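Q: If you scroll down you'll find the structure; I have some questions about it.
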Amino acid sequence: MMDSNFHSEPVRLNELLDDLIANHGAIRVVRALAMRLVSQRVRRPQADNLSDHLRRDVGLPPGHPPPPFREPRL
Numbered sequence: 002m003m004d005s006n007f008h009s010e011p012v013r014l015n016e017l018l019d020d021l022i023a024n025h026g027a028i029r030v031v032r033a034l035a036m037r038l039v040s041q042r043v044r045r046p047q048a049d050n051l052s053d054h055l056r057r058d059v060g061l062p063p064g065h066p067p068p069p070f071r072e073p074r075l
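Under the numbering used here, think of the first position of the sequence shown as 2, with each following residue one higher.
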């Protein structure tokens, strides 16, 4: 498997920031960084509270063991 993020030479942070500031301006870059730092991260939904039917639909094992099998009464 090939890593698509492979860089033959190290990325220089100063050059990257200089390019960002040159293209977008210092105020916009600082504002974007500040917003990224203070914004809350989106949490992934927890699968613990899903029903067994929904868990099966998304490929997860059942959350609870199945009820015991009872022989039919004839």
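Here a beta-carbon is modelled for each residue, glycine too, at the ideal position from N, C-alpha and C. This structure is a prediction, so every number in the text was calculated from the model and none was measured.
1) Among the candidates R57, A33, D20, whose CA atom is the shortest distance from the CA of P67?
2) DSSP three-state call for R74: helix, strand or coil?
3) Distance, Cα to Cα, R42 vs A48?
4) CA-CA distance, P62 and P73?
5) If you draw a straight line from the alpha carbon of P69 to that of V59, how long is it in whole angstroms?
6) From F65 to I28, what distance separates their C-alpha atoms?
A: Concretely, from the data shown:
1) Measuring from the Cα of P67, the nearest candidate turns out to be R57.
2) Residue state, collapsed to three classes: coil.
3) If I take the Cα positions, the gap works out to 18 Å.
4) Roughly 27 Å separates the two Cα atoms.
5) Distance from the CA of P69 to the CA of V59, rounded to the nearest whole angstrom, comes to 24 Å.
6) The question names Phe, but residue 65 is His in the sequence shown. Put simply, the backbone Cα of H65 is about 53 Å away from that of I28.
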